[in-house]
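In what follows, a single structure is set out as structure tokens and then discussed.
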Ligand code: MG
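Numbering (our numbering), first residue to last: 247 to 705.
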């Protein structure tokens, strides 16, 4: 498994992230740019979300790239999936300055490969090696790279998403879009408008202080969206995270649709259209597996992280296996006919098309999905990586799934225990058709963790 074996020092599952002025600085961005430029010769596209530190970080990154001889195409503010779409097949690579859903004080860098996917673990390790050993191939004066501003390249993405659907798909559908002052301000209202939707907006002025709500589109910050959906009698509301690769929905009654339910809703419709595999991490609700099986499709589980989902989709397709879609239970969905990354505007457009095609309100589509109770819990432990093997031994007779951490599957329930990569804690997810069964399973796993930890602590 790509996720578990390779040891990255700086980059996490979603690139480098840190607090600006502390662990995330233009100096680090410059060194990342110089490391990338030493590995990839040619033109590199650079984009950023709306964070206040974006211009400073992007300038550092571009300086490093140019110093190593790369030409830089500066796309300015745009969503991560828009940059990925633009990079694919045309640039030697890309780099996105974003901290996604993190609070305003954070920023980060995500590296995009020439095929438009996030750079794989093996390449990231090579990049980190260069960075930590300062092995940069600096260009002489007459081969230093040039910088080309290209704020209009985003137009290709604005045209590409509506082109996936018949003209006028959104006619008669009113949507409230809340990009949360993030990069989606530039794209989703325009894309849905081009599809024929009537679009109302909220938090749609780019602003790196995120004055309306936090970049994470969690229900707590979406109250104004819920109210605007009902006040305008819209068919739905939707909100993005800071770089608009994820989308969450509110139905026409003003109710938040939990993200696993959103995934199941889209997966059910797509599995009815064509047969094949749904790819998703082991942390995803069983709801998605249920709807896939009901429609004659299968599921393939990966480690947690959208890059693992995207890469598995590409591997399966390369082997001739039809893949219907992929995604995570956090509003990040991947459409293989479009591109191999989470795409927020594509998810918005897809749900509009589903409502248009079904003639049913979004609430009815969401309510007819199987019901599950999912509980997430964190527990502090001294050495999280030591606990999981102990738990695996304890549950060995139940043959746990070891794709990522330990997943225990029992009839209509499952539990996942994973060690955090950055903090001394274990992340526990349990799910069952019945609430009390889910609670009992959580209690059992917590007890097992404590028992394993106390045994590990004995001399
Ligand atoms: Mg994101």
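Quick reminder that beta carbons are idealized off the backbone N, C-alpha and C, glycines included.
Keep in mind the model is a prediction, meaning the values are calculated, not measured.
Excluding five sequence neighbours on each side, which residues of the same chain lie with their C-beta closer than 7 angstroms to the C-beta of residue i?
i           : result
residue 460 : 349, 467
residue 529 : 550, 575, 662, 675
residue 649 : 247, 528, 547, 548, 549
residue 533 : 506, 507, 510, 615, 616, 618
residue 462 : 347, 487
Start and end of the alpha helix (DSSP H) containing residue i?
i           : result
residue 618 : Run containing residue 618: none; DSSP gives neither H nor E here.
residue 607 : Where residue 607 is concerned, there is no enclosing alpha helix (DSSP H), given that its DSSP letter is neither H nor E.
residue 560 : 552-564
residue 323 : Unbroken run through residue 323 is the beta strand (DSSP E), 317-323; no alpha helix (DSSP H).
residue 403 : 400-406
residue 641 : Run containing residue 641: none; DSSP gives neither H nor E here.
residue 333 : 326-333
residue 303 : 300-313
residue 277 : 272-285
residue 471 : 469-477
Check for me: the beta strand (DSSP E) holding residue i runs from which residue to which?
i           : result
residue 483 : 482-486
residue 592 : That residue, residue 592, is in no beta strand (DSSP E); its alpha helix (DSSP H) goes 590-604.
residue 447 : 444-447
residue 527 : 523-527
residue 419 : Run containing residue 419: none; DSSP gives neither H nor E here.
residue 394 : 393-395
residue 534 : Unbroken run through residue 534 is the alpha helix (DSSP H), 532-540; no beta strand (DSSP E).
residue 441 : Per DSSP, residue 441 belongs to no beta strand (DSSP E) and is neither H nor E.
residue 258 : Premise fails: residue 258 is in no beta strand (DSSP E) and is neither H nor E.
residue 384 : Here residue 384 belongs to no beta strand (DSSP E), and DSSP marks it neither H nor E.
residue 432 : Where residue 432 is concerned, there is no enclosing beta strand (DSSP E), given that its DSSP letter is neither H nor E.
residue 654 : 652-656
residue 579 : 579-581
residue 263 : 262-265
Tell me whether residue i is buried or exposed, calling it buried when 16 or more other Cβ atoms sit within 10 Å of its Cβ.
i           : result
residue 400 : buried
residue 669 : exposed
residue 675 : buried
residue 435 : buried
residue 253 : exposed
residue 274 : buried
residue 707 : The requested residue 707 is not part of the displayed model; the chain covers only 247 to 705.
residue 725 : Lying outside 247 to 705, the shown extent of the chain, residue 725 is not represented and no answer is given.
residue 451 : exposed
residue 519 : exposed
residue 539 : exposed
residue 262 : buried
residue 700 : exposed
residue 535 : buried
residue 491 : buried
residue 394 : exposed
residue 624 : exposed
Excluding five sequence neighbours on each side, which residues of the same chain lie with their C-beta closer than 8 angstroms to the C-beta of residue i?
i           : result
residue 366 : 248, 359, 553, 557
residue 657 : none
residue 406 : 331, 584
residue 679 : 616, 617, 618, 619, 658, 659
residue 531 : 506, 507, 509, 510, 575, 618, 620, 677
residue 287 : 315, 316, 338
residue 695 : 625, 627, 633, 637, 663, 672, 674
Taking the DSSP output, what are the residues bridged to residue i?
i           : result
residue 673 : 624, 664
residue 364 : 358
residue 503 : 495
residue 685 : Answer by DSSP bridge pairing: none, since residue 685 is not bridged.
residue 548 : 527
residue 341 : 292, 357
For residue i, which residues in the same chain have their Cβ closer than 6 angstroms to its Cβ, ignoring the five residues on either side in sequence?
i           : result
residue 342 : 293, 326, 329, 356
residue 489 : 295, 325, 326, 344, 346, 429
residue 568 : 522
residue 748 : Not covered by the structure: residue 748. The range shown for the chain is 247 to 705.
residue 270 : 264, 353
residue 279 : 307, 310, 311
residue 499 : 609
residue 544 : 523
residue 705 : Annotation note: pLDDT 46 at residue 705 (below 50); position unreliable, no value reported.
residue 257 : 370
residue 476 : 500
Would you check whether the ligand MG has a heavy atom nearer than 7 angstroms to the C-beta of residue i?
i           : result
residue 299 : no
residue 263 : no
residue 375 : no
residue 487 : yes
residue 491 : yes
residue 659 : no
residue 305 : no
residue 346 : yes
residue 363 : no
residue 326 : yes
Within the present structure, is the beta-carbon of residue i separated from the nearest heavy atom of the ligand ADP by less than 7 angstroms?
i           : result
residue 324 : No copy of the ligand ADP appears in this structure; the ligands present are the ligand MG.
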